[in-house]
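Colleague: Residue numbers (our numbering): 221 to 296. Backbone N, C-alpha and C fix where the C-beta goes; we use that ideal spot for every residue, glycine too.
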C-alpha cells in the first residue's frame, strides 16, 4: 500500500442534522470549521475532520449508506 498521511476527513449523510451537530460540537467539542449552508457543516478538533451532510431521504437499508465519502492525504 502506498504510504499516506492518514485519513483527512470522513463525510457522513445524516437525517437528524441538528442533533448530530449538537452531539459533535457540545459533547465531542469539535469546532465548526466551515458551514457553507444550513445542510452542510465541516467540523474539526484540530486533528480529526468530519463533514455532516443533511439527507432527508436517508433510509437505513442495504441500498443506502450513511458514509458519503472519506478523504486520504497522500505523500508526494
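Between the Cα of residue 253 and those of 228, 231, 232 and 269, spot the shortest distance and give me the residue it belongs to.
Modeller: If we check each option's Cα against that of residue 253, 269 comes out closest.
Colleague: Using a Cβ-Cβ cutoff of less than 7 Å, which residues in the same chain neighbour residue 223 once the five nearest sequence positions on both sides are dropped?
Modeller: Hits under 7 Å: 295.
Colleague: Exposed or buried, what is residue 250 when buried is set at 16 or more other beta-carbons lying within 10 Å of its beta-carbon?
Modeller: With 16 or more other Cβ atoms within 10 Å, it is buried.
Colleague: Taking only three categories from DSSP, how would you classify residue 246?
Modeller: Looking at residue 246 - three-state DSSP - the assignment turns out to be helix.
Colleague: Classify residue 258: buried if its beta carbon has 16 or more other beta carbons within 10 angstroms, exposed otherwise.
Modeller: Burial call: exposed.
Colleague: If you run the structure through DSSP and keep just helix, strand and coil, what is residue 223?
Modeller: Looking at residue 223 - three-state DSSP - the assignment turns out to be coil, as it is neither helix nor strand.
Colleague: Following the continuous beta strand (DSSP E) through residue 252, name the residue where it begins and the one where it ends.
Modeller: Residue 252 -> beta strand (DSSP E) spans 251-257.
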